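2 protein chains.
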Amino acid sequence: MAHDNIDLSTLTRNELLVFEALKESDSPMKAYDVLDVLKSHGVRAPMTVYRALEGLEEKGIVHKLDALNAFVLCSHDRPHQVQSFLVCSECGMVQEISPELREAPQVEDKILGVVRATGFQMREARLEMKGICQKCTGKQSAHNTAAE
Amino acid sequence: MAHDNIDLSTLTRNELLVFEALKESDSPMKAYDVLDVLKSHGVRAPMTVYRALEGLEEKGIVHKLDALNAFVLCSHDRPHQVQSFLVCSECGMVQEISPELREAPQVEDKILGVVRATGFQMREARLEMKGICQKCTGKQSAHNTAAE
DNA sequence: TTTACTGGATTATGATATAACATTGATATA
DNA sequence: TATATCAATGTTATATCATAATCCAGTAAA
Ligand SMILES: [Zn+2]
Ligand SMILES: [Zn+2]
Ligand SMILES: [Zn+2]
Ligand SMILES: [Zn+2]
Chain X
8 MAHDNIDLST LTRNELLVFE ALKESDSPMK AYDVLDVLKS HGVRAPMTVY
58 RALEGLEEKG IVHKLDALNA FVLCSHDRPH QVQSFLVCSE CGMVQEISPE
108 LREAPQVEDK ILGVVRATGF QMREARLEMK GICQKCTGKQ SAHNTAAE
Chain Z
8 MAHDNIDLST LTRNELLVFE ALKESDSPMK AYDVLDVLKS HGVRAPMTVY
58 RALEGLEEKG IVHKLDALNA FVLCSHDRPH QVQSFLVCSE CGMVQEISPE
108 LREAPQVEDK ILGVVRATGF QMREARLEMK GICQKCTGKQ SAHNTAAE
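Residue numbers (the numbering used here), protein chains in the order written: chain X, 8 to 155; chain Z, 8 to 155.
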């Protein structure tokens, strides 16, 4: 797991709390869901959570899924410019495309190439792909065996 | 201009009003900015705007920029699965990467290839790239001629 | 005319995010 | 020690973004 590589000593107390909350969760969390978890640790205000999330994002430990207003731990070993996610509209599953997937770097390269050609200085990019995950596709074809 | 190709007769009255508002604007608009414009046409409630925006999105005429909570007219000739935007953090400029840019389809192909390999049925994807646009880069290097 | 449907209006409320300012505690240094 | 400084945190209030729920108007079958 990528999270074993993180140097937790660089995190503030609140960042650590948020990190733990996200680590426990098997899906992206909304800021106010994080807040609910942290209430048992004495955190009362949204600001606290948003500040911690911002810090974690800057450290490359957390990504925000803009289409969902939700946050996930990065599954990579190191910070990276291009973040890619599969989001299932059926079950809510979110999967960050990992570098282990051999083709992923090619996508990143292509993107960087195109952008460079336009003279744009890219700092960060997020690719959010919506659709139906493999698991949910299987379920559906059980109902409806004919091709679409 | 791509917008000349759109069949406006398929739009409802409110969709048309929102379309016109976005066409007038030279940058993405927030829903409540659209509402302000439409007040002069008797529109009073956010719902009206959001409904129209949703309709326009479904018709492929408008895209939502999730990172900005803002909406823009599509600059393509026809609906497309992968939407790519450059967003300048300095001046707010947003540019949809157009099919005229020769490399753009390659990015789309790469993305589709990778996703297919995972068994994910992609319906739609949005790539939002943040950084500094060419214009703003020029301004900065005027101040600071040395390399970064 | 009745029915069903689509689009639209209204009201209220929910969900997401930030501004602005006060407090704390650790560290440096005079 | 006193005190300046700074980063992190706490607190309150408010801004911004989005939807639920319900009703109404027009229109096109039946
Ligand atoms: Zn990541
Ligand atoms: Zn699924
Ligand atoms: Zn487009
Ligand atoms: Zn710019």
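A virtual CB, placed ideally from N, CA and C, is assigned to each residue, including glycine. These numbers come from a predicted model, not from an experiment.
Looking only at its own chain, which residues have a Cβ that is under 8 angstroms from the Cβ of residue i, when we skip the five neighbours before and after it?
i               : result
N76 of chain X  : K37, A38
D73 of chain X  : R133, E135
I139 of chain Z : C95, S96, E97, Q147
Q90 of chain X  : H70, C81, E103, E131, A132, R133, L134
T19 of chain X  : A59, G62
A111 of chain Z : S91, I104, S105
Less than 7 angstroms separating the Cβ of residue i from some heavy atom of ligand 6?
i               : result
C140 of chain X : Although ligand 6 was asked about, the structure shown includes only ligand 1, ligand 2, ligand 3 and ligand 4 as ligands.
Pick helix, strand or coil for residue i, following the three-state DSSP scheme.
i               : result
K26 of chain Z  : For the sequence presented, residue 26 of chain Z should be read as Phe rather than Lys. F26 of chain Z falls in the helix class under three-state DSSP.
A154 of chain Z : Because the pLDDT of A154 of chain Z is 35, which lies under 50, any placement of that residue in the model is unreliable, and the number read from its coordinates should be weighed accordingly. Coil, per DSSP.
Q88 of chain X  : coil
V50 of chain Z  : coil
K37 of chain Z  : coil
H70 of chain Z  : strand
K146 of chain X : helix
E97 of chain Z  : coil
L42 of chain X  : helix
L18 of chain Z  : coil
L75 of chain Z  : coil
Between residue i and the rest of its own chain, which residues show a CB-CB distance below 6 angstroms, the 5 nearest in sequence each way excluded?
i               : result
P86 of chain X  : G67
L24 of chain Z  : L45, H48
V122 of chain X : M129
A59 of chain Z  : N21, E22, V25
L93 of chain X  : Q102, M136
V56 of chain X  : A38, V41, L42
A28 of chain Z  : V41, V44
For residue i, I'd like the list of residues in its chain whose CB is within less than 7 angstroms of its CB, leaving aside the five on either flank, ordered along the chain.
i               : result
C143 of chain Z : C95, E97, C98
H150 of chain Z : With a pLDDT of 48 at H150 of chain Z, under the threshold of 50, the modelled position of that residue is not reliable, and the figure given next carries that caveat. If we look at H150 of chain Z and ignore the five residues flanking it on each side, it has no Cβ neighbours.
P35 of chain X  : L72, L75, A77, F78, V79, V101
E115 of chain Z : V89
D84 of chain X  : A9, N12
I118 of chain X : V89, A132
Cβ closer than 9 angstroms: which chain Z residues qualify as neighbours of residue i?
i               : result
F127 of chain X : L93, C95, Q102, M136, G138, I139, C140, Q141, T144
Quick one: list the residues of chain X neighbouring residue i, beta-carbon separation under 8 angstroms, in chain order.
i               : result
A117 of chain Z : A small fix is needed here, since residue 117 of chain Z is Lys in this sequence, not Ala. Within 8 angstroms Cβ-Cβ: E110, Q113, V114, K117.
V122 of chain Z : L93, M136, G138
Interface residues of chain Z around residue i at Cβ under 8 angstroms?
i              : result
A74 of chain X : D73, R133
**Request:** Mind listing, in chain order, the continuous beta strand (DSSP E) runs of no fewer than 3 residues lying wholly within the stretch 108-142 of chain Z?
**Result:** Segments of the beta strand (DSSP E) lying fully in the stretch 108-142 of chain Z: 128-139.
**Asked** Got a sec: which bits of the stretch 19-41 of chain X sit with their beta carbon under 9 angstroms from any beta carbon on chain Z, in order along the chain?
**Response** Within the stretch 19-41 of chain X, no residue has a Cβ that lies closer than 9 angstroms to any Cβ of chain Z.
**Asked** Relative to chain X, which residues along the stretch 131-148 of chain Z have a C-beta separation below 7 angstroms, given in chain order?
**Response** From the stretch 131-148 of chain Z, only E131, A132, R133, L134, E135, M136, K137, G138, I139, C140, Q141, T144 have a Cβ closer than 7 angstroms to chain X.
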